[in-house]
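*Asks:* My questions all concern the structure below.
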Amino acid sequence: MRTNEQTEKALAAVAVPANLSPQKAQLARLFAKEKLMEGFTVSGFCSDNGISTKSWYEYLEEADFKSYLNQVQSAIIPDSERDAYEAMKKHILKLAYKTSPTPKEVELFMETFSYIQEADKRERMEALGISDEKKPDTKTLEEKKASLLSRLTTK
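Going by the numbering used here, the residue at position 46 of the sequence shown is 56; the numbering climbs one at a time, nothing skipped.
As structure tokens, then:
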């Protein structure tokens, strides 16, 4: 278990994005620390810190805030807990190769590796052209004009 001093040192090592306000950076650090405590709820956190849950979820939509929050959360996970998680993950991985896993084992596996399931779903949706995920537009203004003109003139 990390000491408070170790936690603060780990948090200080994470660079705050230039366009993130000091208030939001502080909220992200507090959230990361409090989330590790028993009985934590988002609504309780928001209430204790004088913000609405609506504001909190709006902050999470901001790329810089979300990225910073993810970084500080990762920074304060104790190495011993990360090692224990990796050891358990290895045991759970073995379930995939069982001839007849029980429904509980399948559920445990799918819950543990839900991020892989989500990635697979996203990839299949993109392959079918039905992804609702916004891709960054890297075209220049001239390329956009040319594309629009070509679509208008071919009809």
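Yeah, the Cβ is synthetic: ideal placement off N, Cα and C, and Gly gets one too.
1. With distances taken from CA atoms, which of F75, L70, K64 is nearest A28?
2. Quick check on the DSSP output: the alpha helix (DSSP H) that includes T17 runs from which residue to which?
3. What's the call for T17, buried or exposed, on a 16-neighbour Cβ count within 10 Å?
4. State the start and end residues of the unbroken alpha helix (DSSP H) segment that holds L30.
5. Alpha carbon to alpha carbon, what distance is there between V116 and S110?
6. Would you say L103 faces chain D, with C-beta separation under 8 Å as the test?
7. Assuming the contact rule is C-beta atoms closer than 8 Å, L21 and I86 should be a hit. Round their C-beta distance to whole Å, please.
8. Measuring straight from C-alpha to C-alpha, what distance separates A23 and L70?
9. Within 10 angstroms of its Cβ, does Y78 collect 16 or more other Cβ (buried), or is it exposed?
10. Please state the DSSP three-state secondary structure of E72.
11. Taking Cβ positions, are L105 and F119 nearer each other than 8 Å?
12. Return the CA-CA distance between K34 and F123, expressed in angstroms with no decimal places.
13. Could you name the residues of the same chain whose beta carbon sits closer than 8 Å to that of K108, not counting the 5 residues immediately before and after it, in chain order?
14. Is the distance from the Cβ of N59 to the Cβ of L37 below 8 Å?
15. Just to confirm the assignment, what range does the alpha helix (DSSP H) spanning Y125 have?
16. Give the secondary structure of N59 by DSSP, where H, G and I count as helix, E and B as strand, and everything else as coil.
*Replies:* Let me lay it out:
1. Position 18 of the sequence shown, counted from the start, is the residue given in the question as residue 28. Of the candidates F75, L70, K64, the one whose C-alpha sits nearest the C-alpha of A28 is F75.
2. Taking the sequence shown and counting its residues from 1, the one referred to as residue 17 is at position 7. That run of the alpha helix (DSSP H) goes 14 to 22.
3. Along the sequence shown, read from residue 1 onward, the residue named residue 17 stands at position 7. Buried, by the Cβ-count rule.
4. Stepping through the sequence shown from its first residue, residue 30 is reached at position 20. Here L30 belongs to no alpha helix (DSSP H), and DSSP marks it neither H nor E.
5. Position 100 of the sequence shown, counting from 1, holds the residue named residue 110. Position 106 of the sequence shown, counting from 1, holds the residue named residue 116. Their Cα atoms are separated by approximately 10 Å.
6. Among the chains in the structure shown there is no chain D, since it carries only a single protein chain.
7. If you number the sequence shown from 1, residue 21 lands on position 11. If you number the sequence shown from 1, residue 86 lands on position 76. Contact holds; Cβ gap of about 6 Å.
8. Here residue 23 corresponds to residue number 13 of the sequence shown, with the count starting at 1. Here residue 70 corresponds to residue number 60 of the sequence shown, with the count starting at 1. Cα to Cα, the separation comes out at about 21 Å.
9. For the purposes of this step, residue 78 is identified with residue 68 of the sequence shown, where counting begins at 1. Buried.
10. Taking the first residue of the sequence shown as 1, we reach residue 72 at position 62. E72: coil per DSSP, three-state reduction.
11. Your numbering for residue 105 matches position 95 in the sequence shown. Your numbering for residue 119 matches position 109 in the sequence shown. Yes, the Cβ-Cβ distance between L105 and F119 is below 8 Å.
12. By one-based count along the sequence shown, residue 34 stands at place 24. By one-based count along the sequence shown, residue 123 stands at place 113. Cα to Cα, K34 sits roughly 30 Å from F123.
13. For the purposes of this step, residue 108 is taken as the residue at position 98 of the sequence shown. The residues are E115.
14. Locating residue 59 in the sequence shown gives position 49, where the first residue counts as 1. Locating residue 37 in the sequence shown gives position 27, where the first residue counts as 1. Cβ distance < 8 Å, so N59 and L37 count as in contact.
15. For the purposes of this step, residue 125 is identified with residue 115 of the sequence shown, where counting begins at 1. That run of the alpha helix (DSSP H) goes 124 to 138.
16. Here residue 59 refers to the residue found at position 49 when the sequence shown is read from its first residue. Note: N59 maps to coil in three-state DSSP.
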